[in-house]
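Single-structure report; data block below.
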Amino acid sequence: AKGGSASVSDYDGMIDAQNQIISYLNGKRQELQNQFDSLTSSGVLVENTDDWWEWKGNIESIQKELNSARSDIEDLNDSIRDIRWQGFNDGIDKLDDLNDELDFLSDKIEDSALFSEDGKLTSAGSTKIALLSMQMVNARTKVADYDMAIKALDRELANGVISQSQYNEELGKYKEQQRKASNELSKYKKAVIDVVKEGIDKQTDAMEKYIKAQKEAISQEERYEDYLERVNETQKQINSIRGLCRKNSE
Numbered sequence: 002a003k004g005g006s007a008s009v010s011d012y013d014g015m016i017d018a019q020n021q022i023i024s025y026l027n028g029k030r031q032e033l034q035n036q037f038d039s040l041t042s043s044g045v046l047v048e049n050t051d052d053w054w055e056w057k058g059n060i061e062s063i064q065k066e067l068n069s070a071r072s073d074i075e076d077l078n079d080s081i082r083d084i085r086w087q088g089f090n091d092g093i094d095k096l097d098d099l100n101d102e103l104d105f106l107s108d109k110i111e112d113s114a115l116f117s118e119d120g121k122l123t124s125a126g127s128t129k130i131a132l133l134s135m136q137m138v139n140a141r142t143k144v145a146d147y148d149m150a151i152k153a154l155d156r157e158l159a160n161g162v163i164s165q166s167q168y169n170e171e172l173g174k175y176k177e178q179q180r181k182a183s184n185e186l187s188k189y190k191k192a193v194i195d196v197v198k199e200g201i202d203k204q205t206d207a208m209e210k211y212i213k214a215q216k217e218a219i220s221q222e223e224r225y226e227d228y229l230e231r232v233n234e235t236q237k238q239i240n241s242i243r244g245l246c247r248k249n250s251e
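So the sequence shown is numbered by this note's numbering: it starts at 2 and just counts up by one.
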């Protein structure tokens, strides 16, 4: 790749070159092995003689080159696999970083600031719910991403890209991370529900206090009206007595 690390196509080219080397070495090794077998069976080469050991050493040398070339191909395939999985790993890292930032911001909001005295959601409360909702989306995305990763592992195993032991190891890791993401999703869902429930409780309490205050006000008004009625009645009686007194004095 220009100005950067090797790409998948670059590694594919290197693998093709290694396969050509392997093909050549296989042919060369087989040719030497056939000649060695023929010379040994005809008695030209005698076992454990210097010539016999020289031939055998040449064949083993080619075998070592073959093993090295095959090992190089495995390394190249691992590099290709790393490139193909890099996007997934980077995506998970970004989700984790974002979630840490959202956690930090959410923790800064005090629970006491979520609602007004009458139980209505404040701007801080709205922000809290928005942050929790974003964390729910993050967790849900991670669960889905790990599901796709597990399916990709299944394909790699079926195509012989990875061994059964490597598959088992990575499958266990991804399933564990997926369970954690699923637990996070449940945690954030519960947090949103708790905030909403708290708001309902506060609104209910505020309404009950309002109703109680109204009842008390009505009760006081009724008592006041009764008092006025008694005062008026008393005043009438006083006026009546005064009238009688005036008549008697005339």
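Where is the CB? At the ideal position from N, CA and C, for every residue including glycine.
Since the structure is predicted, the reported quantities are computational estimates derived from the model, not experimental observations.
For residue i, the three-state DSSP class (helix, strand or coil)
{"i": "L1", "result": "Examination of residue 1 is not possible in this model, given that the chain is present from 2 through 251 alone."}
{"i": "L115", "result": "coil"}
{"i": "K3", "result": "Here the model assigns K3 a pLDDT of 44, short of 50, so the residue's position is not dependable and the matter cannot be decided."}
{"i": "I194", "result": "helix"}
{"i": "I163", "result": "coil"}
{"i": "K210", "result": "helix"}
{"i": "S220", "result": "helix"}
{"i": "S8", "result": "coil"}
{"i": "D17", "result": "helix"}
Given residue i as reference, the closest of the options once Cα atoms are compared
{"i": "K105", "options": "R180, R71, Q136, A7", "result": "In the sequence on display, residue 105 carries Phe and not Lys. The residue with the shortest Cα to Cα distance from F105 is Q136."}
{"i": "E102", "options": "R85, G126, L132", "result": "L132"}
{"i": "N252", "options": "N139, R224, Q215", "result": "Because the chain spans 2 through 251 in this model, residue 252 falls outside it and cannot be assessed."}
{"i": "I63", "options": "R85, K29, N20, E217", "result": "K29"}
{"i": "D146", "options": "V193, N90, K129", "result": "N90"}
{"i": "K174", "options": "D94, G44, I151, L40", "result": "I151"}
{"i": "T128", "options": "D97, K210, D108", "result": "D108"}
{"i": "T142", "options": "Q221, N233, I93", "result": "I93"}
{"i": "A7", "options": "S80, L96, T50", "result": "S80"}
{"i": "N78", "options": "S10, K190, N233", "result": "S10"}
{"i": "L172", "options": "L186, M149, I130", "result": "M149"}
{"i": "E66", "options": "R85, N27, D52", "result": "N27"}
Decide if the segment 195–210 is in contact with the segment 162–176; the criterion is three or more beta carbon pairs, one per stretch, under 8 Å apart.
no
Counting only runs of 4+ residues fully inside the segment 81–161, write out the alpha helix (DSSP H) ranges in chain order.
124–159
Kindly confirm or deny that the segment 154–161 and the segment 119–134 touch, where touching means at least three C-beta pairs closer than 8 Å.
no
Does the contact criterion of 3 or more C-beta pairs under 8 Å hold for the segment 13–29 versus the segment 70–80?
yes
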